[in-house]
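Below is one structure, written out as structure tokens; the observations come after it.
In the numbering used here, the protein residues as written are 580 to 902.
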């Protein structure tokens, strides 16, 4: 979208005389058409924003009953940390999707400073979500998988290093991105990002480092880990592995999209990744809290209302076989 700035400048120069000069009016019409052709991201981002907002509300309604019973009415120990994490993940997703819908769909007046603030909010909440989510998994999953103090130290150190690099790259990328935001009020009434900074690629690379480490560390320590066959351990271990696999796939997709330097993928890269990671994470938390229940407490759940991460069909087939 390198031609956006020149098109906007030409339109602003021709605008005052367009009403009296037919030739100028034709030139303005031609430039407007070129501008519309050069900004496919405007319509695409709006559809993506509407989709993410709808998905956030649908997910809230779908799991609200489980949320109340397993999170807010839970009698488990140390439930406060779980409640705070779940509340942040669930409702920051809804808040962010709503704000993005308001900004992208021009429901509120837009200016360059508003767009810059929105980019900062999007990057900050998105990074906090990923950091909190992975920190929770690193603590919970390896407490179940390994339970060795050395393992926890290694995982926490890797998490700290990788996400410190992510935060640094994100801050630098946001500053560079803000310099390339222009407001096209008279034409399309929207803010436009002219080019994506090169640092965008490293935001995803640094996050993928942690996922690769998790897979490698798990693979190389298979024989040394305690082989626990309890139901809660085996199921949560499997769910965590699927979570990291999906998370890695999302980041790999965003890395590929970032290498194209196409502005149309900006919202796709951040908002979609943020929404889907939140959905998977909150379902994973609900799943774990459900597995913590005693057998008698689980009997109160019908098959269709049991919280399931639904990233695999293995456990479903196994449950049917047992029945």
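Ideal Cβ placement from N, Cα and C applies to all residues, glycine included.
Taking each of 829, 857, 657, 718 in turn and checking the Cα distance to residue 667, the smallest one comes out for 857.
Excluding sequence positions up to five before and after residue 874, its CB lies less than 7 Å from no other CB in the same chain.
Put simply, of 651, 697, 878 the residue whose alpha carbon is nearest the alpha carbon of residue 662 is 651. Shortest Cα-Cα distance from residue 840 to any of 862, 745, 780, 870 involves 780. Contact between residue 826 and residue 790 holds, with the beta-carbon distance rounding to 6 Å and staying under 8 Å. In the structure shown, residue 729 falls within a helical segment according to DSSP collapsed to helix, strand and coil. The Cβ atoms of residue 786 and residue 865 do not sit closer than 8 Å to each other. In this model, residue 753 and residue 625 are separated by some 21 Å (Cα to Cα).
Around the C-beta of residue 736, fewer than 16 other C-beta atoms lie within 10 Å, and the residue is accordingly described as exposed. Non-local beta-carbon contacts of residue 729 in its own chain, meaning distances under 6 Å to residues more than five positions away in sequence, are absent. Assigned with DSSP and collapsed to three states, residue 778 falls in coil, not helix or strand.
Burial state of residue 853 is buried, judged by a 10 Å Cβ sphere holding 16 or more other Cβ atoms. Residue 755 sits in a helix when the DSSP states are folded into three classes.
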